[in-house]
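Asks: For the record, the sequence lines run as chains A and B. Residue 12 in my numbering sits at position 12 of the first sequence, with consecutive numbering throughout. Residue 226 in my numbering sits at position 111 of the second sequence, with consecutive numbering throughout. Built from N, CA and C at the ideal position, the CB exists for glycine as well. Note that this is a predicted model, so its numbers are computed, not measured.
There are 2 protein chains.
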Amino acid sequence: MNTTATIDLQRASQLLKLLGDPTRLTMMKLLKSHECCVCEFVEIFKMSQPAISQHLRKLRDIELVKEERRGQWIFFSINENHEDYPFIKSILEHLPEQNESIAELEAQGLRVCCQ
Amino acid sequence: MNTTATIDLQRASQLLKLLGDPTRLTMMKLLKSHECCVCEFVEIFKMSQPAISQHLRKLRDIELVKEERRGQWIFFSINENHEDYPFIKSILEHLPEQNESIAELEAQGLRVCCQ
DNA sequence: TGCATATATAAGCATATGATTATATACTGA
DNA sequence: TCAGTATATAATCATATGCTTATATATGCA
């Protein structure tokens with residue numbers, strides 16, 4: 001007997017493909033506990049702004065993340081209302097917390113970025 | 116408090132990337148309940164034998180599946196002893212059973228393939 | 001209004017991926 | 001030993017992916 005809903009295989013493989021990139025997977029894990037803006041990710045991943053922006057777009061296109069503009073910045077957060085969020089969540093739960101990245105940002109005064 | 120072991124993010128993304136292909140993901144789900152040989156997969160996926168073989172190789176290379184020759188045939192099965200099997204298992208549990216494919220094979224007399 | 005900052009988008013490019021076809025290898029049974 | 005079946009591997013190719021650079025857009029502030 002199945003108590004949890006199942007996901008269509010095509011759909012599941014599409015989601016897994018998106019998470020099958022270390023940058024995007026880390027982003028999702030970070031976003032699960034912390035809102036982040038683009039420039040914070042640029043700092044964390046030491047990656048160019050367009051590269052970060054393009055990863056976030058892929059996550060947003062299938063609505064795994066939400067974005068919200070606040071002044072100059074656009075903050076990203078996990079979309080907990082996504083139909084497949086339970087699936088995503090169960091995957092993220094197997095991954096180590098990424099609090100050091102955030103702590104580092106804070107130590108450098110770069111958290112809540114660009115303040 | 117974490118009760119379950121976590122997986123390194125690099126490692127996890129590598130696994131997810133492999134599962135992020137509909138053919139391989141379906142293979143894994145099938146193999147979770149049924150041993151299968153290459154020619155059965157060829158039948159199920161309506162895909163060329165080399166294509167199937169190459170997918171299986173990728174799964175075997177990181178030891179997600181085991182192979183065992185029995186006469187002419189090589190049977191594949193899930194490697195439940197894989198260090199990250201709990202992670203894999205938790206993903207597969209969200210996917211719908213693929214028993215129809217096996218039932219179809221049996222109906223066509225193609226199960227335990229090539230007998 | 002004009003400049004600085006944050007972000008998005010477009011174009012280009014090198015590499016990865018997943019298929020195909022052709023061929024090699026391994027086992028079975030006559 | 002030879003033919004048939006199952007599988008693996010190699011070479012090739014079209015497409016996908018993820019980065020780069022260049023540029024556009026949006027906001028805040030002097």
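Roughly how many angstroms separate the alpha carbons of A:Met27 and A:Asp8, rounded to a whole number?
Replies: The alpha-carbon atoms of A:Met27 and A:Asp8 are separated by roughly 24 Å.
Asks: Among all the DSSP beta bridges, which residues are the ones paired with A:Ile78?
Replies: A:Val65.
Asks: Excluding sequence positions up to five away, which residues of its chain have a Cβ less than 7 Å from the Cβ of B:Leu134?
Replies: If we look at B:Leu134 and ignore the five residues flanking it on each side, its Cβ neighbours are Leu140, Met143 and Ile206.
Asks: I'd like the list of long-range same chain contacts for A:Gln14, defined as Cβ closer than 8 Å, with 5 residues on each side in sequence excluded.
Replies: Hits under 8 Å: Ile62.
Asks: When we look at the beta-carbon of A:Gln10 and count the other beta-carbons within 10 Å, is it buried (16 or more) or exposed?
Replies: Counting Cβ neighbours within 10 Å, A:Gln10 comes out exposed, since fewer than 16 surround it.
Asks: Determine, using beta carbons only, whether B:Phe191 and B:Leu220 come nearer to each other than 8 Å.
Replies: The answer is no: Cβ separation not under 8 Å.
Asks: Of all the options B:Lys147, B:Phe156 and B:Ala120, which has the alpha carbon lying nearest to the alpha carbon of B:Arg188?
Replies: It should be noted that the sequence gives Trp, not Arg, for residue 188 of chain B. Comparing Cα-Cα distances from B:Trp188 to each of B:Lys147, B:Phe156 and B:Ala120, the minimum goes to B:Phe156.
Asks: Distance cutoff 8 Å, beta carbons only. Does B:Lys132 sit that close to anything in chain A?
Replies: Yes, its Cβ sits closer than 8 Å to a Cβ of chain A.
Asks: Under 8 Å between C-beta atoms, does B:Phe202 make it to chain A?
Replies: At least one chain A Cβ lies under 8 Å of B:Phe202.
Asks: May I ask you to report which of helix, strand or coil DSSP gives B:Arg185?
Replies: If DSSP states are grouped into helix, strand and coil, B:Arg185 belongs with the strands.
Asks: Measure from the alpha carbon of B:Val180 to the alpha carbon of each residue in B:Lys161, B:His149, B:Leu210 and B:Asn214, then state which is nearest.
Replies: Cα-wise, what sits closest to B:Val180 is B:His149.
Asks: Listing by chain order, which chain B residues have their CB less than 9 Å from the CB of A:Ala51?
Replies: Those within 9 Å of A:Ala51 in chain B number zero; the least Cβ separation is about 16 Å.
Asks: Find out if the Cβ-Cβ distance for the pair B:Ile217, B:Leu146 is shorter than 8 Å.
Replies: In this structure, B:Leu146 does not lie closer than 8 Å to B:Ile217 by Cβ.
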